[in-house]
Amino acid sequence: MKMQLSLVIPACVFLCVSLLGLPNAWADEVSISAEQEKHFESVIRPIFAAHCIECHGPDEQEGEFRLDRRDAFLLGGGSGPVINTDSPLASRLIRSIEYMDSSLQMPPDGKLPDATIDLLRQWVQAGAPWPADQMKTI
Numbered sequence: 001m002k003m004q005l006s007l008v009i010p011a012c013v014f015l016c017v018s019l020l021g022l023p024n025a026w027a028d029e030v031s032i033s034a035e036q037e038k039h040f041e042s043v044i045r046p047i048f049a050a051h052c053i054e055c056h057g058p059d060e061q062e063g064e065f066r067l068d069r070r071d072a073f074l075l076g077g078g079s080g081p082v083i084n085t086d087s088p089l090a091s092r093l094i095r096s097i098e099y100m101d102s103s104l105q106m107p108p109d110g111k112l113p114d115a116t117i118d119l120l121r122q123w124v125q126a127g128a129p130w131p132a133d134q135m136k137t138i
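If you count the sequence shown from 1, position 14 lands on 14 in the working numbering, and the numbers rise without skipping.
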């Protein structure tokens with residue numbers, strides 16, 4: 001019986017993954033232009049490093065959200081995904097940095113400058129292109 005059960009569980013997992021598909025967040029394949037990668041590395045990643053990683057990085061993940069790795073960003077936090085590809089401006093990320101919801105305002109110690117919010121909004125509207133991680137964190 002143990003032998004049969006040990007074969008059944010992996011088979012069920014395989015079947016579920018095959019039928020439902022893996023979430024996009026787990027896909028390692030990413031295709032972004034060199035320009036998008038440069039923009040992310042020179043503009044977006046530094047914003048995250050300066051304003052977000054202390055609470056959403058490798059050492060601490062407030063709200064079960066990690067913002068230093070692409071795979072973790074795509075998975076989102078305890079409240080689900082932070083990016084809404086169907087309606088980018090309704091994304092939790094944008095709503096939180098624009099202080100649209102009194103219960104979720106990021107960063108909590110003060111609103112980002114409008115220019116920084118604009119950069120993040122434009123990035124999300126462009127599909128939030130993030131280069132594949134090479135085991136690199138911010």
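Each residue gets a CB set at the ideal place from its N, CA and C atoms; glycine is no exception.
Query, Result
"Taking the straight line between their C-alpha atoms, what separation do you get for residue 44 and residue 78?", "23 Å"
"Taking residue 106 as the reference, give the member of 47, 88, 75 and 84 with the closest Cα.", "47"
"Could you check whether the stretch 112–132 touches the stretch 80–100, counting it as contact only if at least three pairs of C-beta atoms, one from each stretch, sit closer than 8 Å?", "yes"
"Run through the DSSP bridge pairs and tell me what residue 142 is partnered with.", "The shown model of the chain, from 1 to 138, leaves out residue 142, and the question about it has no answer."
"Return the first residue and the last residue of the alpha helix (DSSP H) that residue 124 is part of.", "114–125"
"If you measure between the beta carbons of residue 73 and residue 123, is that distance less than 8 Å?", "no"
"Quick one: what does DSSP say residue 110 is sitting in, helix, strand or coil?", "coil"
"Give every residue of the same chain whose Cβ lies closer than 7 Å to the Cβ of residue 128, excluding the five residues on either side of it in the sequence, and list them in chain order.", "83"
"For residue 64, which residues from the same chain have a beta carbon less than 6 Å from its beta carbon, with the 5 sequence-adjacent residues on both sides left out?", "77 and 78"
"Excluding the 5 residues preceding and the 5 following residue 56 in the sequence, name in chain order all residues of the same chain whose CB lies nearer than 7 Å to its CB.", "62, 65, 66 and 67"
"Confirm, please, whether the CB-CB distance from residue 88 to residue 125 is below 8 Å.", "yes"
"Classify residue 22 as buried or exposed, calling it buried when 16 or more other Cβ atoms lie within 10 Å of its own Cβ.", "Because the pLDDT of residue 22 is 36, which lies under 50, any placement of that residue in the model is unreliable, and the number read from its coordinates should be weighed accordingly. By the 10 Å Cβ count, residue 22 comes out exposed."
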